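One structure below.
Set out below in structure tokens:
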């Protein structure tokens, strides 16, 4: 599929239900840093003291490092690394890096954060980190993923049933993808609750599991609910982000319920999911009835009511 064909008409027709690979970024509306951009530049733009969540690949547990510490580790020769560390949750909105990365145009058109969340709350966001106490909107739009050779993230579903855009800026990735059939989701939930993830390769248990190789320069779209694992065959730098949208709401809600039942910690869930759903519902009710259920102050400040039309019909 070519980037120019990944547009709003495609989304209306296909509802973002199947994974998509783009070998070239032309036509997607993506903007990326200069080719010589490195993890050292990430450190300069987000701040050397910025704390990042780092996954210890062997235990699949998280720890914390400063950007300065992680870049020092990342630049260590492969033979001298005593552990495998992976950064997959550095959200960089409201940093200097934000302006060097633009996500696919169609993502902006369907993202609930862009189109449903009150504008005045987004404008109040000043904190660059993802500290929930300082967060004014679901801050999940732009992530930088920094992985050394050998990193592996076990099977998971992105939080809240979000869909994912994913651009391999440098290096490469190998994905194992499992479609979110009811049977596969039930097997996934059982696997998570078993506590035996390290002993069982989920891909051997499900109906279908496909291996996909992403090369440098590829852009990947993962729809809501797709179960996936990721291996890093070479030191890599990836930019991506998560969205909720109106074209597969049942799947998004189904994944949210699975997170409830598998007791996913709040830190690893979509921020303000409940509030977001209420804002979306209010907007649809307004479009159908022309009646808003927001307070007068909220209507005035949001600058949104009356400017939005139903787009997913």
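In the working numbering, the protein residues as written are -14 to 298. Virtual Cβ for every residue (Gly too), placed ideally from N, Cα, C. As the structure is a prediction and not an experimental result, all values here were calculated from the model.
Open item on the list: Only counting the same chain, and skipping five residues up and downstream in sequence, which positions put a Cβ closer than 7 Å to that of residue 134?
Closed with: Contacts found: 63, 217, 218, 219 and 220.
Task: Separation of residue 268 from residue 198, as counted between CA atoms - done: 40 Å
Open item on the list: Tell me the DSSP secondary structure of residue 214 in three-state form.
Closed with: Reduced to three states, the DSSP call for residue 214 is strand.
- [ ] Assess, as a yes-or-no matter, whether the segment 100 to 112 is touched by the segment 181 to 200 under the definition of 3 or more beta carbon pairs within less than 8 Å.
- [x] For the pair of segments examined, the segment 181 to 200 was found not to touch the segment 100 to 112: the number of CB pairs separated by less than 8 Å stays below three.
- [ ] With a 10 Å radius around its C-beta and 16 neighbouring C-beta atoms as the bar for buried, classify residue -14 as buried or exposed.
- [x] So residue -14 ends up on the exposed side.
Open item on the list: Does residue -12 pass the burial test, meaning 16 or more other C-beta atoms within 10 Å, or should it be called exposed?
Closed with: In summary, residue -12 is buried, with 16 or more beta-carbon neighbours lying within 10 Å of its beta-carbon over all protein chains present.
Task: Three-state secondary structure assigned by DSSP to residue 149 - done: strand
- [ ] Find the nearest neighbour of residue 126 within the set 137, 108, 75 and 26, judged by alpha-carbon distance.
- [x] 75
Task: Among 187, 57 and 263, the one whose alpha carbon lies nearest that of residue 164 - done: 187
TODO: Go through its chain and collect everything with a Cβ distance to residue 71's Cβ below 6 Å, but skip five positions before and after it.
DONE: 40, 42, 132 and 136
Task: the segment 48 to 68 in contact with the segment 107 to 127 per 3-pair CB rule at 8 Å - done: Cβ pair count under 8 Å is below three, so no.
Open item on the list: Considering Cα atoms alone, identify which of 85, 182 and 48 is closest to residue 68.
Closed with: 48
Open item on the list: Can you give me the C-alpha to C-alpha distance between residue 91 and residue 65, rounded to a whole angstrom?
Closed with: 43 Å
Open item on the list: Short of 7 Å in beta carbon distance, which residues of its chain neighbour residue 44, apart from the five on each side in sequence? Order them along the chain.
Closed with: none
Open item on the list: Classify residue 294: buried if its beta carbon has 16 or more other beta carbons within 10 angstroms, exposed otherwise.
Closed with: Residue placement at residue 294 is flagged as unreliable, the pLDDT there being 40, under the threshold of 50; a coordinate-derived value is accordingly withheld.
TODO: Look at the alpha carbon of residue 34 and the alpha carbon of residue 77, and state the distance between them as a whole number of angstroms.
DONE: 14 Å
Task: Residue span of the beta strand (DSSP E) that contains residue 198, given as start and end - done: 195 to 200
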